[in-house]
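Participant:
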Amino acid sequence: MEYNTSLPKMIIPEYGRNIQKMIAFAITVEDREERNKVARAIIMVMGQLNPHLRDVTDFKHKLWDHLFIISQFKLDVDSPYPMPTKETFISKPDRVAYPSNDIRYKHYGKIIEQLIEKAKTFEEGEMKTALVETIANLMKRSYLNWNRDAVADEVIFQHLKELSKGALTVSETLRLSQTSDILARSTIVKKKLPMKNQGKQGSHGGGGGGKYKKGFKQHN
Numbered sequence: 039m040e041y042n043t044s045l046p047k048m049i050i051p052e053y054g055r056n057i058q059k060m061i062a063f064a065i066t067v068e069d070r071e072e073r074n075k076v077a078r079a080i081i082m083v084m085g086q087l088n089p090h091l092r093d094v095t096d097f098k099h100k101l102w103d104h105l106f107i108i109s110q111f112k113l114d115v116d117s118p119y120p121m122p123t124k125e126t127f128i129s130k131p132d133r134v135a136y137p138s139n140d141i142r143y144k145h146y147g148k149i150i151e152q153l154i155e156k157a158k159t160f161e162e163g164e165m166k167t168a169l170v171e172t173i174a175n176l177m178k179r180s181y182l183n184w185n186r187d188a189v190a191d192e193v194i195f196q197h198l199k200e201l202s203k204g205a206l207t208v209s210e211t212l213r214l215s216q217t218s219d220i221l222a223r224s225t226i227v228k229k230k231l232p233m234k235n236q237g238k239q240g241s242h243g244g245g246g247g248g249k250y251k252k253g254f255k256q257h258n
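Counting the sequence shown from 1 gives a position; the working numbering is that position plus 38.
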């Protein structure tokens, strides 16, 4: 009796051990023409065992690649597609390049820096003034999300000047959103989401119980 632990390792388990045995037999066929016939017959069986692959682009190509992989690239047959090499499947992917740009103030993030760079390209006027004021308010909100203590508007203006390398300034009379308003709004948003979910759960539970009691009384 054969046990799986004593049998060769399955290369692609999805096809089953019989396909692996058929491919092992095909490798031993000496006549090339006969070996090609066996290979094509095996491809047909592989396709029937995995009908879901029919929706995959290059369905036949994938089956032939799997045939060579299962044979450990020892099967020498005439494939309608280029025969893959072992190196193709064992080679490691190229290392992903990560951005190396340093962010001066981490709590503002890269988006704020990009907004500042964009604002520098605007011509002087109302639109640029409004954009710079909006960026300053965003910076204050980001600062308070990182540090819940109060922050003076002058600190935000100084950071804006530093990040823009002196290109962006604001009016001395500008007053940003109040710290208390920003913190209160942030707290409300955080509290609203779980309360909303709890309300839905409660309404489902209460509604179900109410209907059940009502039906029970009518039945009685």
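Ideal placement from N, C-alpha and C gives every residue a C-beta, glycine not left out.
Keep in mind that this is a model prediction, so the values were computed, not measured.
Along the chain, where does the alpha helix (DSSP H) containing A174 start, and where does it finish?
Facilitator: As a position in the sequence shown, residue 174 is number 136, starting the count at 1. It spans 164–184 - the alpha helix (DSSP H) in which A174 sits, taken as one unbroken run.
Participant: Using the Cβ count rule (16 or more neighbours within 10 Å means buried), how would you classify W32?
Facilitator: Residue 32 lies beyond the stretch modelled for the chain, which goes from 39 to 258, so this question has no answer here.
Participant: Quick one: grab the DSSP three-state call for M48.
Facilitator: As a working mapping, residue 48 is identified with position 10 in the sequence shown. Looking at M48 - three-state DSSP - the assignment turns out to be coil, as it is neither helix nor strand.
Participant: Mind reading off the beta-carbon distance from S202 to K148? Whole number of angstroms is fine, and I expect it under 8 Å.
Facilitator: Position 164 of the sequence shown, counted from the first residue, corresponds to residue 202. Position 110 of the sequence shown, counted from the first residue, corresponds to residue 148. The pair is not a contact, with the Cβ atoms about 15 Å apart (cut-off 8 Å).
Participant: Applying the 10 Å Cβ sphere with the 16-neighbour rule, what's the burial state of I128?
Facilitator: Residue 128 sits at position 90 when you count from the first residue of the sequence shown. Exposed, since its Cβ has fewer than 16 Cβ neighbours within 10 Å.
Participant: Can you round the beta-carbon distance between L182 and T217 to whole angstroms, since I take them to be within the 8 Å contact cut?
Facilitator: By 1-based counting over the sequence shown, the position of residue 182 is 144. By 1-based counting over the sequence shown, the position of residue 217 is 179. Yes, L182 and T217 are in contact; Cβ-Cβ is about 6 Å, under 8 Å.
Participant: Anyone know if the C-beta pair for A64 and V83 falls short of 8 Å?
Facilitator: As a working mapping, residue 64 is identified with position 26 in the sequence shown. As a working mapping, residue 83 is identified with position 45 in the sequence shown. Result no, Cβ atoms of A64 and V83 do not sit closer than 8 Å.
Participant: According to DSSP, is N56 helix, strand or coil?
Facilitator: To locate residue 56, count along the sequence shown from 1; it is residue 18. In this structure, N56 counts as helix in the three-state DSSP scheme.
Participant: Taking the straight line between their C-alpha atoms, what separation do you get for P89 and M165?
Facilitator: Sequence index remark: in the sequence shown, residue 89 carries index 51 (1-based). Sequence index remark: in the sequence shown, residue 165 carries index 127 (1-based). Rounded to the nearest angstrom, the two C-alpha atoms are 59 Å apart.
Participant: Do you know offhand how far K251's Cα is from H145's?
Facilitator: Counted from its first residue, the sequence shown places residue 251 at position 213. Counted from its first residue, the sequence shown places residue 145 at position 107. Here K251 scores only 43 on pLDDT, less than 50, and its place in the model is too uncertain to base an answer on.
Participant: For K234, I'd like the list of residues in its chain whose CB is within less than 6 Å of its CB, leaving aside the five on either flank, ordered along the chain.
Facilitator: If you number the sequence shown from 1, residue 234 lands on position 196. With a pLDDT of only 47 at K234, under 50, the local geometry of the prediction cannot be trusted, and no value is derived from it.
Participant: Is the distance from the Cβ of E161 to the Cβ of L212 below 8 Å?
Facilitator: Position 123 of the sequence shown, counting from 1, holds the residue named residue 161. Position 174 of the sequence shown, counting from 1, holds the residue named residue 212. It is not a contact, given that the beta carbons lie outside the stated cut-off.
Participant: Is L87 helix, strand or coil when you go by DSSP?
Facilitator: For the purposes of this step, residue 87 is taken as the residue at position 49 of the sequence shown. Of the three classes helix, strand and coil, the one that applies to L87 here is helix, per DSSP.
Participant: Taking the alpha carbon of I141 as the point to measure from, which residue in E200, T123, I80, L169 has its own alpha carbon closest?
Facilitator: One-based indexing of the sequence shown puts residue 141 at position 103. When each option's Cα is compared against that of I141, the closest is E200.
Participant: Express the C-alpha separation of A62 and S109 in angstroms, rounding to a whole number.
Facilitator: The count along the sequence shown starts at 1 and reaches residue 109 at position 71. The count along the sequence shown starts at 1 and reaches residue 62 at position 24. S109 and A62: Cα-Cα distance of roughly 7 Å.
Participant: Assuming V208 and A168 make a contact with CB atoms under 8 Å, what is their CB distance in whole Å?
Facilitator: Here residue 208 corresponds to residue number 170 of the sequence shown, with the count starting at 1. Here residue 168 corresponds to residue number 130 of the sequence shown, with the count starting at 1. The Cβ separation is near 11 Å, so there is no contact.
Participant: Let me confirm a value: L45 is counted as buried when at least 16 other C-beta atoms fall within 10 Å, else exposed. Which label applies?
Facilitator: Taking the first residue of the sequence shown as 1, we reach residue 45 at position 7. Result: exposed.
Participant: Looking at the structure shown, is V193 part of a helix, part of a strand, or coil, going by DSSP?
Facilitator: To locate residue 193, count along the sequence shown from 1; it is residue 155. Helix.
Participant: Is it true that the CB of I80 sits closer than 8 Å to the CB of H107?
Facilitator: Along the sequence shown, one-based indexing puts residue 107 at 69. Along the sequence shown, one-based indexing puts residue 80 at 42. The identity of residue 107 in the sequence shown is Ile, whereas the question assumes His. No, these two residues do not count as a Cβ contact at 8 Å.
Participant: Roughly how many angstroms separate the alpha carbons of V134 and D219, rounded to a whole number?
Facilitator: Stepping through the sequence shown from its first residue, residue 134 is reached at position 96. Stepping through the sequence shown from its first residue, residue 219 is reached at position 181. Taking the straight line joining both Cα atoms gives about 42 Å.
Participant: Starting from the N-terminal side, write out each stretch of the alpha helix (DSSP H) that is 4 residues or longer and does not extend beyond the region 115–152.
Facilitator: Qualifying alpha helix (DSSP H) stretches, in chain order: 124–128.
Participant: Along the alpha helix (DSSP H) that carries L101, what are the first and last residues, could you check?
Facilitator: Counted from its first residue, the sequence shown places residue 101 at position 63. Unbroken alpha helix (DSSP H) run through L101: 97–108.
Participant: Given this structure, state the Cα-to-Cα distance separating F111 from K47, to the nearest angstrom.
Facilitator: In the sequence shown, the residue the question calls residue 111 occupies position 73. In the sequence shown, the residue the question calls residue 47 occupies position 9. Their backbone Cα atoms lie some 15 Å apart in a straight line.
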